[in-house]
Every structure is written in structure tokens, then in C-alpha cells.
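Under the numbering used here, the first residue of the sequence shown carries the number -6, and numbering increases by one thereafter.
Built from N, CA and C at the ideal position, the CB exists for glycine as well.
Since the structure comes first, as C-alpha cells, the remarks are kept for the end.
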Amino acid sequence: MPLVTEHAAALPGGYRHVVLSPHLDDAALSCGGLIARATAAGEPVLVVNVCSGSPPPDAPFSPFAQSLHERWGLPPATVVAQRRVEDAAALRILGADALLWPALDAIYRQPDAYFDETSLFAVPAGDDPLAADVADLVAMLAQRYPAAAFYLPLAVGMHVDHQLVFAAATAALLARGAACFYYEDFPYARTAGAVAQRLAMIGQERYAPHSIPLDEPALSAKIAAIAAYASQLGVLFGGAAAMPAAVIAYAEQVASPPLRYAERLWVRL
């Protein structure tokens, strides 16, 4: 059974792939097929859930956070705990281990800065501590797993947590010469022009596409894993019933002939 831990010291050696997931669902959503394919081939995968910490039990939630809890259908007191349960179920399907890092989601970390949808998908606050936390975390992981490939969010859609992980992890990995790939943040990448817009922001000439072929078992595992995030399906897809078709359609969209299904990564040149 895959390992789920809050303690980096408890992680074994030998991971071939390390996936940085800003939230408790991004890894499965964006590169679940890659993870399923790797573990099926006997290649160990570690998913690092960056913002998986629980806010203090006595801390009041902002009106924006409360509105999201209502949309997710989760009790405020146990929202992170229940999302961790969903994530553990998803990663069991994919066969990946998980490190639950204690950083808080933006809506809990800086509620005065990220108080609505607009501010959550804008320029991160200049005093946001997540950047330094991620830099330290990734430096530790890169030192511990020098042979691993790292997978980072491209930050399509511009969620502040995704932007901060992208920037801090990129700097830390480039400083160490580690192999890194960028995944297209799904489902934000479904929006027409969203990937191109993000690439234009960060310098498209510095990145090249890299396709990961997906067979039927890998795609099916990805869909099953995403289905485990029951609290998020309404917000992300309009409901559970619409999710499989959305995943399949995007896997077809990014696949170049003769591939039928794929996930598209980007490699820094």
C-alpha cells in the first residue's frame, strides 16, 4: 500500500519521479496518467502535496473560505482532513506515495490578501511566505533524490499557489541542475488559449512540448483517481458525471498522431 506521511524523514530512497502538487488534487488532475504509467512500470513516484496543512482549529474563516467550503460540501472544521482522505484514495489508485507538507492553502494562509476569486488568480502577495517554504522544501528533495525527475505546475490559470510553486521550485531546481518538467494545470488548461497565454508570460521560446503517451489503463486510472476527489468535482467540472468526458477530451486534444491519448509536459530549454 502506498505511503502517506507528514514527515519527510520517513520517506524511503529511490524515487524516480517527484510531482509537486500545490493542492490535494493537482497531481492526479494534471499528470495522473503519467503517475499511473510510471508506477505500473515499477518506477516509484512521490507526490508532494504542498498546501495540505490544516488551519488552527480556533482560527476564524474568511467569508471567501466559508463560501468555498459550502461549494465543496465539507464541514469547515474537517475540510482539510476530508480532502486528505480523498487524496489518499486517489493516490492508492495511482500507486504513488504522498508527502503532506504543512503549508496552508492561500485562502487560509493570507485571507486578507486572497479574499475573492479575482485576488486568488492574480499576482501573489509580495509578503507571501509560501515561496520561501517551497524553495527550502524543493532544495531538500533535490538533494535527497538527485536522480529523480521533478514535475512542476506550469501555473496555467494563474492560481497564486500554483504561481508560487512554479517560481520557487524552478529556481531551486535550476540551481541544482535537476531534471524538471512542467505539467499543464488541469482543468484550467481546458480554457481556450490559457496554455498559450501562460507560455507567453514566462517566455515560450524557453520551453518545448513533451508528450506522455497514455494507454487505456493509464487513462482509466487517471479518471478513477480524479473521481476520488468528490468534493471538488462540482466546482471543477460542474459535477461528477461530466468529469470523464472532460478528461478524455483533453487527453485527445493534446495527443499528436499517432497517439490517441496523452498528457503534455513542457521542458525548459
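- Under the three-pair Cβ rule at 8 Å, the segment 139 to 147 counts as touching the segment 169 to 179.
- Secondary structure at S204: strand, using DSSP grouped into helix, strand and coil.
- Listed as beta-bridge partners of C173 by DSSP are F143.
- Of the candidates G231, V73, L207, L207 places its Cα closest to the Cα of L258.
- Counted as a single uninterrupted DSSP element, the stretch harbouring W65 is not any beta strand (DSSP E) but the alpha helix (DSSP H) occupying residues 56 to 65.
- The criterion of a C-beta distance shorter than 7 Å is not satisfied by I28 and A217.
- Per DSSP, R85 is one residue of the alpha helix (DSSP H) stretching across 72 to 87.
- The beta-carbon distance between A255 and S204, rounded to whole angstroms, is 5 Å. This is short enough to meet the 8 Å contact definition.
- Within the same chain, S47 come within 7 Å of A74 by CB-CB distance, once the 5 residues on both sides are set aside.
- A buried status is given to E177, since no fewer than 16 other beta-carbon atoms sit within 10 Å of its beta-carbon.
- Assignment of T184 by DSSP, reduced to helix, strand and coil, places it in the coil class.
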